[in-house]
Amino acid sequence: MDSKTNIQELKDFVRKHCEERDWDQYHSPKELSIGLITEASELLEQFRFKTDEQMAEILNTPKTRLHVEEEIGDVFFFLLCFCEKYDIDLSDAFKKKMELNEKKYPIEKAKGLNKKYSEYE
Ligand SMILES: [Mg+2]
């Protein structure tokens with residue numbers, strides 16, 4: 841479905857969803873950011889204290905995988921909601937940030953390393 845979905849359609853869906861529920865009043869940048877982090881934390885919670893094997897099991901078991909997918913959906917809702925309400929072009933923001941990251945993390949320095957760019961010699 842990702843290959844057939846466009847981000848503007850998702851933003852339009854989120855706008856309609858929020859308008860129908862009169863939730864706009866609760867969607868300041870701060871509240872949407874809190875929502876995003878809260879949902880990201882709910883995603884993280886599912887993997888807390890889990891070994892690599894247990895995490896693989898979570899993703900390979902339909903019931904627990906569904907919980908992961910639901911939290912990812914919640915994270916994406918808040919991200920889309922923020923971008924829709926505050927007129928941020930998600931694709932453009934993503935591409936610009938990735939261009940910066942490619943400069944910060946050139947392949948010849950970053951390949952195979954998980955260091956922050958400021959730790960490069
Ligand atoms: Mg959630």
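Take any residue in the sequence shown, note its place counting from 1, add 840, and you have its number in our numbering.
Think of the CB as a built atom: it goes at the ideal place given N, C-alpha and C, for glycine as much as any other residue.
Computed from a prediction, not measured in an experiment: that's the story for all the values here.
Taking 8 Å as the cut-off, the Cβ atoms of residue 911 and residue 879 count as close. With contacts defined as CB atoms closer than 8 Å, residue 905 and residue 898 qualify as a contacting pair. In this structure, residue 862 has its beta carbon at no less than 7 Å from each heavy atom of ligand 1. Under the rule that a run must span 4 or more residues, the alpha helix (DSSP H) segments found entirely inside the segment 847-932 read 847-861, 869-885, 892-900, 902-925.
The beta-carbon distance between residue 923 and residue 856, rounded to whole angstroms, is 15 Å. This is too long to meet the 8 Å contact definition. Exposure of residue 940 is indicated by the presence of fewer than 16 other C-beta atoms within 10 angstroms of its C-beta.
Between ligand 1 and the CB of residue 882, the shortest heavy atom gap is smaller than 7 Å.
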